[in-house]
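Visitor:
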Amino acid sequence: MRQPQRLAILQHGGFTARFGKTGLSLLRYRGAEVVAVIDRETAGRSLREVSNMPGLPDIRVVASVEEALASRPTALAIGISPSGGIVREEWWPELRAAIRGGASLWNGCHTPLVSDPEIAAAVRPGVYVWDMRREPAGLRPGSGGARNLACKRVLFVGTDMNIGKMTAALEFDREAKARGVRSAFIGTGQTGMMICGSGMCLDAVRVDYASGAVEAELMRDGPGADIVWVEGQGSMLNPASTATLPLLRGTQPTHLVLVHKAGMKHLHAFPHVTIPPLKEVAAFYEMVTAAAGALPPARVVGVALNTWGLDEATARAEIAATAQATGLPTTDAVRFGTREILDVIMADAGI
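Using this note's numbering, the first residue of the sequence shown is number 21, and each one after it goes up by one.
1) Of all the options 117, 334, 366 and 207, which has the alpha carbon lying nearest to the alpha carbon of residue 275?
2) How would you write the range of the beta strand (DSSP E) that residue 47 sits in, first residue to last?
3) Assuming residue 55 contacts residue 91 (C-beta within less than 8 Å), just tell me the rounded distance between them.
4) Return the CA-CA distance between residue 294 and residue 77, expressed in angstroms with no decimal places.
5) Can you tell me whether residue 23 is buried or exposed? The criterion is at least 16 other CB atoms within 10 Å of its CB, across all chains shown.
6) Within the same chain, show all residues whose beta-carbon is closer than 7 Å to that of residue 202, passing over the 5 residues directly before and after it, in chain order.
7) Helix or strand or just coil, what does DSSP make of residue 278?
8) Could you check whether the segment 252 to 272 touches the segment 308 to 322, counting it as contact only if at least three pairs of C-beta atoms, one from each stretch, sit closer than 8 Å?
9) Measuring straight from C-alpha to C-alpha, what distance separates residue 266 and residue 234?
10) In the structure shown, what three-state DSSP assignment does residue 151 receive?
11) Assign residue 285 to buried or exposed, taking buried as 16 or more other Cβ atoms, counted over all protein chains shown, within 10 Å of its Cβ.
12) Given that a residue counts as buried once 16 or more other Cβ atoms are within 10 Å of its Cβ, and exposed if not, what is residue 344?
13) Report yes or no: do the segment 66 to 75 and the segment 134 to 144 share at least 3 C-beta pairs separated by less than 8 Å?
14) For residue 242, which residues in the same chain have their Cβ closer than 6 Å to its Cβ, ignoring the five residues on either side in sequence?
15) Kindly give me the distance between the Cβ atoms of residue 298 and residue 346, rounded to whole angstroms, as I take these residues to be in contact under 8 Å.
16) From residue 161 to residue 184, what distance separates their C-alpha atoms?
17) Keeping to the same chain, check which residues put their C-beta closer than 7 Å to that of residue 175; ignore five residues upstream and five downstream.
18) Do you know how far the Cα of residue 99 is from the Cα of residue 41?
19) Taking its Cβ as the centre, do 16 or more other Cβ atoms sit within 10 Å of residue 262, making it buried, or is it exposed?
20) Does the distance from the C-beta atom of residue 163 to that of residue 146 stay below 9 Å?
21) State the Cα-Cα distance for the pair residue 332 and residue 205, rounded to the nearest angstrom.
22) What does DSSP give as the partner residues of residue 320 in its beta bridges?
23) Can you tell me whether DSSP reads residue 249 as helix, strand or coil?
24) If you drop the 5 nearest sequence neighbours on each side, which residues of the same chain put their C-beta closer than 7 Å to that of residue 191?
And the structure:
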């Protein structure tokens with residue numbers, strides 16, 4: 021269960037680079053709890069201005085943790101995801117200062133903060149270290165047990181990494197809750213965990229237990245929900261991705277939502293990998309889900325199209341073209357809502 025916080029976000033350089041996703045997502049979904057953002061590049065400027073999120077608290081970005089502590093944060097979240105997930109050497113003094121100053125540490129990097137003696141010594145009642153990229157205890161191999169749950173299980177699958185699967189899932193969860201649906205979001209990466217307060221980092225789990233880790237989350241949250249939205253990871257099209265298949269097997273989805281970045285023709289990190297027509301990608305995901313009939317089928321019920329960076333007219337044109345090409349309802353969940361696709365899922369759930 022998510023507990024309200026007074027959040028500070030360590031965001032050095034993260035407003036202008038791809039590795040700032042975690043901090044930006046916290047601003048979008050927990051912005052009302054943010055009391056300080058630390059970024060040397062934009063220090064002194066309005067948070068609303070540098071984030072382009074006008075609904076955020078009217079505060080100024082600060083340059084250091086020492087300045088942030090004046091706002092009495094209860095937790096400091098590392099909002100940056102550096103290459104390899106390694107905590108940068110220059111961050112350690114700031115992290116030590118934060119926990120000494122009474123702020124718990126939220127860490128989505130692979131480097132465990134509790135391995136630092138000074139940080140470990142500063143832990144005390146009410147002040148803790150949350151190292152998220154640790155394998156949960158007691159895992160078992162997957163069994164496909166989630167197929168027996170009564171809830172609808174919606175997995176977000178994509179054409180590539182880092183194209184908005186988590187954001188789309190959160191938007192569907194938010195709108196479903198607004199309609200009074202018993203709705204649950206399962207975070208499967210560090211950003212989703214920070215936003216919802218629970219979940220597990222799938223990339224920290226040994227491959228033999230990966231589908232079982234996903235299944236355990238479903239078996240915990242599924243019985244109390246009508247619809248469970250599962251954050252997708254990676255892509256079956258990406259040669260570096262290993263997370264999507266365990267998500268398919270652990271979730272045993274009843275529905276799939278395909279996520280794509282408008283205008284994207286090839287993978288970001290692999291220009292030689294061309295993205296097939298989305299209608300074919302949707303059929304491929306349905307085929308893999310059902311495993312030639314060995315497992316329960318799931319259909320792609322819509323496309324969540326990420327139109328970030330496009331003006332409204334161009335975004336709507338891209339959405340219309342995608343809907344026509346795929347024959348599927350299509351939307352940008354952030355800009356235009358989830359109604360058409362959500363209606364289909366709710367009808368299937370008998371809601």
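Here a beta-carbon is modelled for each residue, glycine too, at the ideal position from N, C-alpha and C.
Guide: Taking the structure as given:
1) 366
2) That residue, residue 47, is in no beta strand (DSSP E); its alpha helix (DSSP H) goes 41 to 50.
3) 4 Å
4) 41 Å
5) exposed
6) 244, 245 and 246
7) strand
8) yes
9) 7 Å
10) strand
11) exposed
12) exposed
13) no
14) 169, 171 and 248
15) 5 Å
16) 28 Å
17) 250, 252, 267, 268, 271, 273 and 276
18) 7 Å
19) exposed
20) no
21) 28 Å
22) 276
23) strand
24) 353, 354 and 358
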